[in-house]
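Reading through the structure tokens given below for one structure.
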Amino acid sequence: MTGTYLLDYGAGNVRSLVNAVKKLGHDITYVKDPSDILKADKLIFPGVGAFGSAMQSLHSKGYAEPLKQYLSLNKPFMGICVGMQSLFEGSDENPDVPGLGVIPGRVRLFDSTQKAVPHMGWNTARTIQGGERAKGCGLEEGRAYYFVHSFAVPFVEGSQEAKEWCLTTTQYGGEGSGGEVFISSVRRGNIFCTQFHPEKSGFAGVNVLKAFLDGDAAIGAEGDAALIQAATLAPGGGLSILAPTFVPEPTQDQFTKRIVACLDVRANDQGDLVVTKGDQYDVREQSTDGQEQGDVRNLGKPVELARRYFEEGADEITFLNITSFRNCPLLDLPMLEVLRRTSETVFVPLTIGGGIKDVVDPDGKLHPALEVAGEYFRNGADKVSIGSDAVYAAEKYYALGGRGDGTSAIETIAHAYGSQAVVISVDPKKVYVNSPADAPTHHVIQPAQLGPNGEKYCWYQCTVSGGREGRDMDVRQLVVACQALGAGEILLNSMDQDGMKQGYDLALIQDVRSAISIPVIASSGAGCADHFVEVFEKTGVQAALAAGIFHRREVPLEDVKSTCVKAGIRIRTIDA
Ligand code: 1PR
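Each residue of the sequence shown is one higher than the last, beginning at 34 in the working numbering.
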């Protein structure tokens with residue numbers, strides 16, 4: 034069968050891409066056999082995870098040679114993220130594993146000394162050569178696209194890859210913060226690849242996919258027709274071509290801060306899955322005298338709310354299954370259906386948390402956390418968020434003298450799907466002390482306000498099971514261990530601030546930020562748009578999350594974004 038084919042090697046969420054393609058009115062067939070590759074009229078390769086495992090999968094499934102052949106025939110091809118990186122000669126991520134070598138150049142690790150790595154979030158893609166080569170690609174100057182990667186091909190002016198292949202560049206980091214310019218998309222002949230994820234880039238990304246699927250993405254521009262004519266297949270599979278002359282315009286860092294909408298989900302007393310919201314993690318209505326606990330608060334339906342937030346401009350959506358500290362058998366994961374349905378209409382990154390751990394089915398069958406996470410990825414999640422299990426993993430890390438043994442959920446999932454897919458959800462609670470000597474094994478700070486008995490100091494205790502149990506570990510110990518084990522991002526809640534609408538816990542966030550280099554999402558306490566400005570300006574955090582004010586329509590997402598823009602904070606403006 035001819036048509037559009039998807040080259041999937043089972044490494045992550047391809048559901049969103051498939052849904053986007055279908056939504057655009059096209060059919061897509063999964064490559065199941067190497068011979069399918071040459072049957073394709075158009076081929077999409079959405080690489081996810083590590084470079085080495087992607088290349089190994091291509092070879093072990095027998096896809097590498099037909100893929101090279103397909104590319105040499107100059108048939109329409111779209112590579113996404115690792116799907117683009119695999120076309121280069123190799124990557125520092127797995128130095129011993131060669132790439133396909135179709136494009137000269139190597140993929141390098143970002144420098145994390147002055148900026149958070151992975152580069153995770155929205156950034157623009159600047160076309161070079163005055164945008165001529167971008168014609169027909171659906172790319173728009175100035176619009177933001179979603180990136181999530183630690184490795185990229187540096188843009189080196191005058192290099193072969195820059196002259197012959199580079200379509201857009203993107204800068205991550207500004208002057209004085211380790212700014213690096215990299216190749217964010219390539220195009221030559223019918224080969225078009227993006228480092229960013231069009232299927233996760235809202236309407237801007239859907240336009241890029243549409244251009245490719247509707248036919249003119251790679252061959253429309255006149256300039257490229259000339260380039261195609263000049264192309265000859267060089268020994269070693271690379272295309273040699275007459276270099277065009279161009280002067281690239283300076284790129285600028287346009288990396289934006291992310292606004293995340295969070296949906297805490299659980300079954301209510303009637304057994305319906307609802308979005309709920311607690312105050313300091315208590316999600317039940319209180320009687321007027323505060324003596325009795327009422328029903329679980331019901332703030333809406335998960336799929337409908339997620340869709341609303343996507344349309345209102347949320348940069349990411351996070352679902353937390355908050356009662357999954359109970360055993361949640363793999364056979365009965367209600368959030369799978371929520372994800373499946375959400376990914377049909379929501380084209381921004383989706384994170385799922387709660388219950389990412391080893392689970393046991395009623396028949397006694399054990400499913401490792403990696404398998405649980407795999408189910409979620411296949412059903413539309415881009416990241417999983419680990420709570421309680423991360424605390425246990427960190428405890429083990431310290432018990433082993435500061436190393437992992439490769440078995441924790443963090444390690445196994447990061448190894449298979451990449452660090453960027455592993456978020457750690459932290460549920461800390463303040464413990465006040467009179468002096469640092471009162472908590473000698475913990476990292477103690479001076480909070481902005483004194484404790485209830487005039488205490489000047491506090492430490493942040495990690496909890497498990499949705500805050501029900503405190504552990505002998507402070508938040509700094511936890512995040513340091515989780516980063517070392519391979520986590521790619523921290524979702525930093527605060528049990529004290531949750532639902533209180535008094536603003537984020539800035540001291541906590543600053544403390545965590547200073548301890549690690551992976552991105553941090555500030556969470557808990559947003560009560561107005563200015564709280565977002567405050568947390569971005571005072572802590573430099575990469576993302577800020579809120580729940581209650583969005584669910585109750587007290588502060589529209591649009592107001593949060595416009596307030597941040599007015600304050601000079603770079604934010605992805607809402608597109609349509
Ligand atoms: O331990 O891996 O099964 O994960 C359980 C997950 O469920 C954790 O991510 C944990 O944070 C979450 N969770 C468990 N119990 C609750 C609860 O509220 N009773 N929710 C809970 C955590 C906090 C945030 C909230 C922000 C913003 N909720 O997710 O959305 O505080 O709220 P706000 O803007 O209204 O202040 P595991």
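No residue lacks a Cβ here, since even glycine has one placed at the ideal position from N, Cα and C.
What number of angstroms, rounded off, separates the C-alpha of residue i from the C-alpha of residue j?
i, j, result
"V357", "V81", "Note that residue 357 is Ser in the sequence shown, not Val. Going by the C-alpha atoms only, they are around 27 Å apart."
"N354", "T375", "15 Å"
"P530", "P109", "Contrary to the premise, residue 530 reads as Gln rather than Pro in this sequence. One C-alpha to the other measures close to 51 Å."
"A300", "L369", "14 Å"
"Q287", "I478", "34 Å"
"G271", "R373", "Note that G271 has pLDDT 35, beneath the 50 cutoff, so the model's placement of it is unreliable and the number below is only indicative. Roughly 39 Å separates the two Cα atoms."
"T474", "H59", "59 Å"
"M528", "T596", "26 Å"
"I161", "E213", "16 Å"
"P231", "L483", "48 Å"
"I252", "Q543", "For I252, the pLDDT reaches just 42, beneath the cut-off of 50, and the residue's location in the model is therefore unreliable, although a value from the coordinates is still provided. Spanning the two alpha carbons is a distance of roughly 49 Å."
"A73", "A339", "34 Å"
"A347", "T157", "17 Å"
"I602", "F215", "23 Å"
"N223", "Y537", "48 Å"
"G242", "K56", "Note on residue identity: the sequence assigns Leu, not Gly, to residue 242. For L242 and K56, the distance between alpha carbons rounds to 11 Å."
"I136", "R586", "49 Å"
"G45", "P485", "47 Å"
"A87", "V189", "25 Å"
"E208", "Q285", "9 Å"
"A97", "L91", "5 Å"
"C561", "A406", "34 Å"
"S217", "A426", "35 Å"
"D125", "F84", "9 Å"
"V598", "P382", "22 Å"
"C226", "V371", "31 Å"
"P401", "R411", "16 Å"
I'd like to confirm the pairing. Which residues does DSSP put opposite residue i in its beta bridges?
i, result
"E213", "Y205"
"K94", "Answer by DSSP bridge pairing: none, since K94 is not bridged."
"I350", "A294 and L383"
"V455", "V417"
"G80", "C114"
"W155", "Y179"
"H400", "V392"
"C561", "According to DSSP, which records beta bridges pairwise, C561 is partnered with nothing at all."
"L39", "Y63 and I77"
"T160", "T201"
Going by DSSP in three states, residue i sits in which element: helix, strand or coil?
i, result
"G327", "strand"
"V513", "helix"
"P137", "coil"
"Q319", "strand"
"K230", "For the record, residue 230 in the displayed sequence is His; it is not Lys. H230 falls in the strand class under three-state DSSP."
"D505", "strand"
"L483", "coil"
"P31", "A query on residue 31 cannot be resolved here, the shown segment of the chain reaching from 34 to 609 and no further."
"F145", "In the sequence under discussion, the amino acid at residue 145 is Ser, which differs from the Phe named in the question. Coil."
"P552", "coil"
"T496", "strand"
"A339", "helix"
"C491", "strand"
"L433", "coil"
"S595", "helix"
"A254", "With a pLDDT of only 40 at A254, under 50, the local geometry of the prediction cannot be trusted, and no value is derived from it."
"E522", "strand"
"G85", "helix"
"L578", "strand"
"G304", "coil"
"Y465", "strand"
"R373", "helix"
"F184", "strand"
"R603", "coil"
Could you tell me how far apart the beta carbons of residue i and residue j are, in whole angstroms, since I believe they sit closer than 8 Å?
i, j, result
"E522", "V456", "5 Å"
"V293", "L578", "4 Å"
"H584", "L332", "4 Å"
"D508", "Y490", "As written in the sequence, residue 508 is Val, which differs from the Asp given in the question. No, V508 and Y490 are not in contact; Cβ-Cβ is about 15 Å, not under 8 Å."
Can residue i be considered in contact with the ligand ADP, in the sense that its beta carbon sits closer than 7 Å to one or more heavy atoms?
i, result
"S441", "In the structure shown, the ligand ADP is absent; the only ligands present are the ligand 1PR."
For this session: Take every Cβ of the region 146-154, pair it with every Cβ of the region 129-137, and state whether three or more of those distances are shorter than 8 Å.
Result: no
Problem set entry | Validate contact between the region 73-80 and the region 111-129 using beta carbons, cut 8 Å, 3 pairs | yes
Exercise. Using 8 Å as the Cβ pair cut-off and three pairs as the minimum, do the region 542-554 and the region 569-587 touch?
Worked result: Verdict: yes, contact present.
Exercise. Should the region 430-447 be regarded as contacting the region 492-503, the criterion being three or more beta carbon pairs within less than 8 Å?
Worked result: no
Exercise. Hey, is the region 232-239 in contact with the region 120-127, meaning 3+ C-beta pairs nearer than 8 Å?
Worked result: no
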